[in-house]
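Visitor:
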Amino acid sequence: MNADRYADALTSAGGRSILTMARRFGHPRGAVWEALTDPARLSQWFPFQVGLDPRPGGAISFTSPGGEAHATTGTVTDLVPPGLFAFDWGPDHLSWSVAEEGEGSVLSLAHTFDDRAGAASFAAGWDACMAALGRLLDGVPARPAHDTTEAHDAYVRLFGLDRGTADTGGATRTVRFERQLTASAEKVWKVLCAGIEPVPGLPVPAGFTAPGVPAGHVSEVHPPHSLGYEWDDGATVSWELREGTGHGARLVLTQTGPKTFDTDEALAAWRSTIEALAERLREE
Numbered sequence: 031m032n033a034d035r036y037a038d039a040l041t042s043a044g045g046r047s048i049l050t051m052a053r054r055f056g057h058p059r060g061a062v063w064e065a066l067t068d069p070a071r072l073s074q075w076f077p078f079q080v081g082l083d084p085r086p087g088g089a090i091s092f093t094s095p096g097g098e099a100h101a102t103t104g105t106v107t108d109l110v111p112p113g114l115f116a117f118d119w120g121p122d123h124l125s126w127s128v129a130e131e132g133e134g135s136v137l138s139l140a141h142t143f144d145d146r147a148g149a150a151s152f153a154a155g156w157d158a159c160m161a162a163l164g165r166l167l168d169g170v171p172a173r174p175a176h177d178t179t180e181a182h183d184a185y186v187r188l189f190g191l192d193r194g195t196a197d198t199g200g201a202t203r204t205v206r207f208e209r210q211l212t213a214s215a216e217k218v219w220k221v222l223c224a225g226i227e228p229v230p231g232l233p234v235p236a237g238f239t240a241p242g243v244p245a246g247h248v249s250e251v252h253p254p255h256s257l258g259y260e261w262d263d264g265a266t267v268s269w270e271l272r273e274g275t276g277h278g279a280r281l282v283l284t285q286t287g288p289k290t291f292d293t294d295e296a297l298a299a300w301r302s303t304i305e306a307l308a309e310r311l312r313e314e
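Residue numbering for the sequence shown follows the numbering used here, beginning at 31 and increasing consecutively.
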């Protein structure tokens with residue numbers, strides 16, 4: 031593929047997250063601009079079929095390639111040939127720019143959105159799209175099968191989305207992780223249970239525990255979406271598998287404890303446990 035990866039980053043401004051990505055192509059600016067703004071070519075590397083009224087304020091629509099899903103719509107906010115194309119897509123804003131660089135050009139993206147925990151899914155998806163754009167520019171099929179699982183989890187680590195947070199104020203201390211996974215809730219639940227279906231009152235399956243966290247008895251369970259247990263007197267662990275970004279479940283893990291609760295130790299233990307879970311899901 032005739033494209034070079036530039037640095038990808040996740041920042042924030044005004045309470046929103048901003049994903050920035052750039053790729054260099056060995057093709058002139060005009061060719062990249064055409065592939066970006068001509069709906070017929072854009073639809074060959076974008077994740078949806080695109081309909082476009084090419085003017086500021088014009089409508090833009092996105093329909094799944096098979097047409098089985100309802101179209102979503104947005105509005106063109108900027109269109110300045112041959113360098114800037116930006117639009118709203120639901121609550122998100124995407125700004126694409128094309129700049130000359132030597133005999134080639136650089137395509138840059140700034141994607142602004144609210145769901146920070148979903149950033150790795152967005153990044154892995156756009157990375158695959160821009161790889162497909164490179165193939166299209168090179169004159170080869172733009173849509174071969176592309177597994178983004180490895181890329182997704184690499185972006186999780188790059189952006190620090192594998193780190194939890196700790197709240198040490200008040201009488202109760204809390205550790206919380208929110209991580210997008212690459213598998214459905216059903217598949218994640220199966221891996222966590224490892225053949226031992228959790229039952230209220232019985233010991234917690236090992237997959238739901240972490241080093242240094244005593245494995246109590248299941249207090250509440252709703253397969254395949256949630257499980258809770260006490261690990262100390264009045265202290266709890268809660269696993270939730272919610273709807274996520276992309277094709278996988280969103281894991282929200284919370285551990286509470288008393289003022290003596292070592293949140294640094296818990297953050298390290300759960301980070302390692304969740305990373306091991308993500309690795310097992312990649313291997314499945």
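Backbone N, C-alpha and C fix where the C-beta goes; we use that ideal spot for every residue, glycine too. As the structure is a computational prediction, the values presented were derived from the model and not from experiment.
Can you tell me where the alpha helix (DSSP H) holding ALA65 begins and where it ends?
Guide: 59-67
Visitor: Quick one: using the 10 Å Cβ neighbour count with 16 as the cut-off for buried, is ARG327 buried or exposed?
Guide: As shown, the chain starts at 31 and ends at 314. That puts residue 327 outside it, with no answer to give.
Visitor: Helix or strand or just coil, what does DSSP make of TYR36?
Guide: coil
Visitor: Tell me, please, which residues DSSP counts as bridged to VAL110.
Guide: LEU114
Visitor: VAL229 by DSSP, collapsed to three states: which one?
Guide: coil
Visitor: Spatial neighbours of THR178 within its chain, please: CB distance less than 6 Å, with the 5 preceding and 5 following residues excluded, ordered by chain position.
Guide: Excluding five sequence positions before and after THR178, the CB atoms of its chain that fall closer than 6 Å to its own CB belong to ALA154 and ALA158, given in chain order.
Visitor: Quick one, are the C-beta atoms of ALA245 and PRO254 less than 8 Å apart?
Guide: no
Visitor: Could you check where the alpha helix (DSSP H) with HIS255 kicks off and where it finishes?
Guide: Segment: none, HIS255 is in no alpha helix (DSSP H) and carries neither H nor E.
Visitor: I think LEU311 touches THR212, with their Cβ atoms under 8 Å apart; what is that distance to the nearest whole Å?
Guide: 6 Å
Visitor: Contact check, THR286 vs ALA299 under 8 Å by CB: the rounded distance?
Guide: Rounded, the Cβ-Cβ distance is 15 Å, inconsistent with contact.
Visitor: Based on DSSP bridge pairs, tell me the residues matched to LEU280.
Guide: For the sequence presented, residue 280 should be read as Arg rather than Leu. Under DSSP, ARG280 shares a beta bridge with GLN210 and ARG272.
Visitor: Compare the Cα-Cα distances from TRP269 to each of LEU72, ASP108 and ARG206 and report the closest residue.
Guide: ARG206
Visitor: Just verifying my parser: in three-state terms, what is the DSSP assignment at THR201?
Guide: Going by the sequence as given, residue 201 is Ala instead of Thr. Three-state DSSP puts ALA201 in coil, outside helix and strand.
Visitor: Quick test of your reading: LYS217 and GLU130, contact by CB under 8 Å. State the CB separation rounded to the nearest angstrom.
Guide: That belief does not hold up - the Cβ atoms of LYS217 and GLU130 are roughly 46 Å apart, past 8 Å.
Visitor: Check whether the Cβ atoms of ALA149 and LEU281 sit closer than 8 Å, and answer yes or no.
Guide: no
Visitor: Once the 5 residues before and after VAL267 are set aside, which same chain residues still bring their CB inside 6 Å of it?
Guide: Excluding sequence neighbours, VAL267 sits near TYR259, TRP261 and GLN285.
Visitor: With SER91 as the anchor, note down where its beta strand (DSSP E) starts and where it stops.
Guide: For SER91, the enclosing beta strand (DSSP E) stretches over residues 89-93.
Visitor: How is ARG301 classed by DSSP in three states: helix, strand or coil?
Guide: helix
Visitor: Assuming contact is defined by CB atoms lying nearer than 8 Å, are ASP118 and THR105 in contact in what I supplied?
Guide: yes
Visitor: I need the straight-line Cα distance from ASN32 to ARG53, nearest angstrom please.
Guide: Note that ASN32 has pLDDT 49, beneath the 50 cutoff, so the model's placement of it is unreliable and no number is given.
Visitor: Closest to GLY237 by CA distance: which of PRO230, LYS220, VAL229 and GLU250 is it?
Guide: LYS220
Visitor: Per the DSSP calculation, ALA43 is bridged to which residue(s)?
Guide: ARG46
Visitor: Tell me which residues share the same chain as SER138 and place their Cβ nearer than 6 Å to its Cβ, disregarding the 5 neighbours each side in the sequence.
Guide: ALA52 and SER127
Visitor: What residue does the beta strand (DSSP E) around GLY81 start on, and which one ends it?
Guide: 79-82
Visitor: Out of curiosity, what's the CA-to-CA distance linking MET160 and LEU166?
Guide: 10 Å
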